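**Student:** In UniProt numbering, the protein residues as written are 1 to 275.
Handing you a structure now.
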């Protein structure tokens, strides 16, 4: 009990500090996020590993703000490191933005979900239902299947992916000059190339750089999703256009048999992606 109290207290103090830095969060947004966090466990069977990790990262960002790289698990704690990296990839995203993205992702999975159906409280927001996710860490994420890496990244590859996340094309260029094979290197946990990651994270300069260097625009991850699938799901029309001009296949099918257009719920972008 003391450990739970201590962790809750420390995280509560951290939230207060973040609130001072970012300003107060709209109570309606926070109530909607709480409702989304309560709803998600009921959809757990519909989540693949990658989606579950994204939800986890956004939840941690929304509750605690940006991850501190210095607080991460040891390199050999592969499962904990994979989950921590899902949080770390959100960068400096604000808590409010993380809440909004979490809600958007939930609506993509369950379009019928309506948080406003809950009783409106005296303060104007929804009455909060105690989240099944818990106050320290969502229990459902303990069950995320984090596959052990089939290979460990080299130190150069770790530097490569870190530079990608930081939009540091200067370092990436240096690493490429030392070893051209690193261009198509895949990370040890999700088997994603730098181009897949950069598209997912919206690192526009890195996407342009990688394409100029000849990166495979039709590379796939473990779910057979291409960079164009990521651009579609993340609503990145500019990157989608860049990828298409570079030869990305609009008809590529992922593991669920879906094209990029079929993964997109933005009408205009979906039209541009239709083969």
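Cβ coordinates follow ideal geometry from the N, Cα and C atoms, glycine included.
If you're wondering where the values come from, they're calculated on a predicted model, not measured in any experiment.
Since residue 54 and residue 115 are thought to touch, with beta carbons under 8 Å apart, how far apart are those beta carbons, to the nearest angstrom?
**Tutor:** Along the chain shown, one-based indexing puts residue 54 at 54. Along the chain shown, one-based indexing puts residue 115 at 115. Contact flag wrong, Cβ pair sits at about 20 Å.
**Student:** Within 10 Å of its beta-carbon, does residue 268 have 16 or more other beta-carbons around it, so buried, or fewer, so exposed?
**Tutor:** Numbered from 1 along the chain shown, position 268 holds the residue referred to as residue 268. Residue 268 comes out exposed.
**Student:** Quick check: the Cα distance between residue 93 and residue 29, rounded to an integer number of angstroms?
**Tutor:** As a working mapping, residue 93 is identified with position 93 in the chain shown. As a working mapping, residue 29 is identified with position 29 in the chain shown. Rounded to the nearest angstrom, the two C-alpha atoms are 16 Å apart.
**Student:** How is the alpha helix (DSSP H) around residue 108 delimited, first residue to last?
**Tutor:** Residue mapping note: residue 108 aligns to position 108 of the chain shown, counting from 1. 95 to 109 is the span of the alpha helix (DSSP H), which, as asked, contains residue 108.
**Student:** If you run the structure through DSSP and keep just helix, strand and coil, what is residue 227?
**Tutor:** Position 227 of the chain shown holds residue 227. If DSSP states are grouped into helix, strand and coil, residue 227 belongs with the helices.
**Student:** Going by CA-CA distance only, name the one from 266, 58, 158 and 197 that's closest to residue 222.
**Tutor:** On the chain shown, residue 222 is found 222 positions in, with the first residue counted as 1. Among 266, 58, 158 and 197, the Cα nearest to that of residue 222 is on 197.
**Student:** Please return the same chain residues whose Cβ sits closer than 6 Å to the Cβ of residue 215, not counting the five positions on each side in sequence.
**Tutor:** For the purposes of this step, residue 215 is taken as the residue at position 215 of the chain shown. So the qualifying residues of the chain are 183 and 195.
**Student:** If you draw a straight line from the alpha carbon of residue 88 to that of residue 189, how long is it in whole angstroms?
**Tutor:** Residue mapping note: residue 88 aligns to position 88 of the chain shown, counting from 1. Residue mapping note: residue 189 aligns to position 189 of the chain shown, counting from 1. Cα to Cα, residue 88 sits roughly 14 Å from residue 189.
**Student:** For residue 85, does the three-state DSSP call read helix, strand or coil?
**Tutor:** The residue given as residue 85 occupies position 85 in the chain shown. Helix, per DSSP.
**Student:** Rounded to whole angstroms, how far is the Cβ of residue 199 from the Cβ of residue 152, which I believe are closer than 8 Å?
**Tutor:** The residue labelled residue 199 in the question sits at position 199 within the chain shown. The residue labelled residue 152 in the question sits at position 152 within the chain shown. That pair is no contact at about 24 Å.
**Student:** Give a yes or no on contact between the region 55 to 73 and the region 171 to 178, applying the rule of three or more CB pairs nearer than 8 Å.
**Tutor:** Not touching, per the Cβ criterion.
**Student:** Looking only at its chain, what residues have a beta carbon closer than 7 Å to the beta carbon of residue 225, apart from the 5 residues adjacent to it on each side?
**Tutor:** Residue numbering aside, residue 225 sits at position 225 when the chain shown is read from its first letter. 254, listed in sequence order.
**Student:** Does the Cβ of residue 95 have 16 or more other Cβ atoms within 10 Å, making it buried, or fewer, making it exposed?
**Tutor:** For this step, residue 95 is matched to residue 95 along the chain shown. Flag for residue 95 reads buried.
**Student:** When the distance is taken between beta carbons, is residue 220 closer than 9 Å to residue 248?
**Tutor:** What you label residue 248 is simply residue 248 of the chain shown in a count that begins at 1. What you label residue 220 is simply residue 220 of the chain shown in a count that begins at 1. For residue 248 and residue 220, no; Cβs fall outside 9 Å.
**Student:** When we look at the beta-carbon of residue 45 and count the other beta-carbons within 10 Å, is it buried (16 or more) or exposed?
**Tutor:** Walking along the chain shown from the start, residue 45 turns up at place 45. Under this definition residue 45 is an exposed residue.
**Student:** Measure the C-alpha to C-alpha separation of residue 244 and residue 213 and round it to an integer number of angstroms.
**Tutor:** If you number the chain shown from 1, residue 244 lands on position 244. If you number the chain shown from 1, residue 213 lands on position 213. Roughly 16 Å between the two C-alpha positions.
**Student:** Can you tell me whether residue 112 is buried or exposed? The criterion is at least 16 other CB atoms within 10 Å of its CB, across all chains shown.
**Tutor:** The residue given as residue 112 occupies position 112 in the chain shown. When all chains shown are included, residue 112 counts as exposed.
**Student:** Using the Cβ count rule (16 or more neighbours within 10 Å means buried), how would you classify residue 155?
**Tutor:** Taking the first residue of the chain shown as position 1, residue 155 is located at position 155. With fewer than 16 other Cβ atoms within 10 Å, it is exposed.
**Student:** For residue 37, which of helix, strand or coil comes out of DSSP?
**Tutor:** One-based indexing of the chain shown puts residue 37 at position 37. Residue 37: helix per DSSP, three-state reduction.
**Student:** Quick one: is residue 101 buried, meaning 16 or more other Cβ sit within 10 Å of its Cβ, or exposed?
**Tutor:** Position 101 of the chain shown holds residue 101. Flag for residue 101 reads buried.
**Student:** To the nearest whole angstrom, what separates the beta carbons of residue 191 and residue 106, a pair I think is in contact under 8 Å?
**Tutor:** Your numbering for residue 191 matches position 191 in the chain shown. Your numbering for residue 106 matches position 106 in the chain shown. Their Cβ separation, rounded to whole angstroms, is 26 Å, which puts residue 191 and residue 106 out of contact at 8 Å.
**Student:** Is the CB-CB distance between residue 203 and residue 232 below 9 Å?
**Tutor:** In the chain shown, counting from the first residue as 1, residue 203 sits at position 203. In the chain shown, counting from the first residue as 1, residue 232 sits at position 232. No. Outside cutoff.
**Student:** When DSSP labels each residue in this structure, what does residue 250 get in the three-state scheme?
**Tutor:** Numbered from its first residue, the chain shown carries residue 250 at position 250. Here residue 250 sits in coil by DSSP.
**Student:** Comparing alpha-carbon positions, which option in 99, 84, 169 and 172 lies nearest residue 27?
**Tutor:** Taking the first residue of the chain shown as position 1, residue 27 is located at position 27. That would be 99, whose Cα lies nearest to the Cα of residue 27.
**Student:** The alpha helix (DSSP H) with residue 164 in it runs from where to where?
**Tutor:** Here residue 164 refers to the residue found at position 164 of the chain shown. Run containing residue 164: 155 to 165, per the alpha helix (DSSP H) assignment.
**Student:** Would you identify the three-state DSSP class for residue 234, choosing helix, strand or coil?
**Tutor:** What you label residue 234 is simply residue 234 of the chain shown in a count that begins at 1. It is coil, neither helix nor strand.
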